[in-house]
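One structure is given below, encoded as structure tokens.
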Amino acid sequence: MRCLILLFVLLRLEAFGQIPVEAFLGNERTTADVLWFRYFKNAEDQPSKFLFFNRSRASVDYHNQTAFGLTNAVSYNFNSGLGLVAVAQFFGNGFFPKAGIQYYTRKKNWTLFTWMVSETWSKPSFDWFVLSRFEPSLTENLKLFSQLETLSVTYNNGQYQFTQRVRIGLGFKPAWQIGLGGDFQQIKSENHIQTHNLGLFLRKE
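In our numbering, the protein residues as written are 15 to 219.
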């Protein structure tokens with residue numbers, strides 16, 4: 015039932031137009047993920063140097079409660095692709111403002127988006143986020159869709175949390191992708207914890 019609810023949300027979000035949204039049905043949990051980033055327009059209706067990043071992610075664990083997270087960021091970007099970024103994250107355990115540097119480049123078939131930020135509270139953590147996509151055309155209406163996402167969070171007490179998300183599949187015009195994926199996580203706190211979630215993704219952009 016939870017899978018059907020999240021899939022229904024995905025299909026309804028198609029009405030919002032060009033906002034990428036993904037439903038991932040895994041063996042351990044189901045997730046709904048809305049992730050996009052765009053430049054603000056200037057007075058001439060052209061992309062400015064300011065870029066807005068948004069991510070809203072909900073996860074339904076089959077053994078525990080639903081988790082939700084929201085990340086918003088605004089960056090000022092130079093012609094080289096480097097930029098200065100301010101990040102605001104909202105999770106179940108609180109609000110976390112962060113700041114650091116960002117790099118973004120997009121070619122015909124390849125996208126790279128990454129930032130390195132630190133919390134601005136006392137006893138800050140250090141985050142390194144990387145999102146890479148490779149989408150070469152296979153035919154006029156078909157393309158390969160491959161995506162690798164990593165998040166490395168280290169804390170000043172020596173603990174860490176590493177996350178990797180892999181997606182590989184096919185893209186169909188006008189804007190649908192489907193394929194296989196895996197989410198992997200390694201956590202060091204009092205104990206070493208490793209988890210994985212393997213399944214099928216459906217994405218609309």
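Ideal placement from N, C-alpha and C gives every residue a C-beta, glycine not left out.
**Q.** I19 in three-state terms, based on DSSP
**A.** Because the pLDDT of I19 is 49, which lies under 50, any placement of that residue in the model is unreliable, and the question is left without a value.
Q) Cα separation between E149 and F186? A) Looking at the two C-alpha atoms, the distance is approximately 11 Å.
Q.
Rounding to the nearest angstrom, what Cα-Cα distance links F110 and T153 in this structure?
A. T153 has its alpha-carbon roughly 44 Å from the corresponding atom of F110.
Q. Near E42, which residues of its chain fall below 6 Å by C-beta distance, leaving aside the five closest residues on each side in sequence?
A. In its chain, beyond the 5 residues on either side, N211 have a beta carbon closer than 6 Å to the beta carbon of E42.
Q: Using alpha carbons as the reference points, say which of R179, R147, S132 and L214 lies closest to V167.
A: Of all alpha-carbon atoms in R179, R147, S132 and L214, the one lying nearest the alpha-carbon of V167 is that of S132.
Q: Determine the direct distance from the alpha carbon of K157 to that of W50, and round the result to whole angstroms.
A: Approximately 20 Å between the Cα atoms of the pair.
Q: Scan the segment 145 to 186 and note each continuous beta strand (DSSP E) run of 3 residues or more that stays entirely inside, going in chain order.
A: Every beta strand (DSSP E) stretch that sits fully inside the segment 145 to 186 and reaches 3 residues is listed by chain position as 156 to 169 and 174 to 186.
**Q.** P188: first and last residue of the uninterrupted beta strand (DSSP E) it sits in
**A.** For P188, there is no enclosing beta strand (DSSP E), as DSSP marks it with neither H nor E.
**Q.** Between the CA atoms of I33 and Y174 - distance to the nearest angstrom
**A.** One Cα belongs to Y174, the other to I33, and the distance between them is close to 32 Å.
Q) Any idea if Y221 is buried or exposed, counting beta-carbon neighbours within 10 angstroms, 16 or more meaning buried? A) Coverage of the chain is limited to positions 15 through 219, which leaves residue 221 absent and any answer about it impossible.
Q. So what's D197 in DSSP terms, helix, strand or just coil?
A. Correct three-state label for D197: strand.
Q: Give the DSSP bridge partners of T224, in chain order.
A: Here the chain has residues from 15 to 219 only, and residue 224 is not among them.
Q: Would you mind working out which of S203, S70 and I192 sits nearest F159, comparing C-alpha positions?
A: Ranking S203, S70 and I192 by CA distance to the CA of F159 puts I192 first.
Q) Alpha carbon to alpha carbon, what distance is there between S70 and E58? A) Spanning the alpha carbons of E58 and S70 requires a straight line of approximately 30 Å.
Q. Going along the chain, which residues of its own chain have a beta-carbon closer than 6 Å to the beta-carbon of G196, five neighbours each way excluded?
A. If we look at G196 and ignore the five residues flanking it on each side, its Cβ neighbours are V180 and L212.
Q: Give the DSSP-derived three-state secondary structure of I33 in the structure shown.
A: Note: I33 maps to coil in three-state DSSP.
(Q) Considering only their Cβ atoms, is the gap separating A102 from N91 smaller than 8 Å? (A) With contacts defined as CB atoms closer than 8 Å, N91 and A102 fail to qualify as a contacting pair.
Q. What residues match up with D47 in a beta bridge as DSSP calls it?
A. BP columns for D47 point to E36 and R71.
Q: Write down the C-beta distance between F176 and Q161 rounded to the nearest angstrom, noting that I regard them as a contact closer than 8 Å.
A: At roughly 17 Å, the Cβ-Cβ gap does not stay under 8 Å, so F176 and Q161 are not in contact.
Q.
Here's a check: name, in chain order, each residue in its chain whose Cβ is nearer than 8 Å to the Cβ of A29, leaving out the five neighbours to either side.
A. With a pLDDT of 48 at A29, under the threshold of 50, the predicted position of this residue should be treated as unreliable, and no value is reported.
Q. Apart from the five residues on each side of it in sequence, which residues of its chain come closer than 6 Å, Cβ to Cβ, to F198?
A. Same-chain partners within the cutoff: Q178 and H210.
Q) Looking only at DSSP bridge pairs, what is S132 linked to? A) BP columns for S132 point to A113 and F140.
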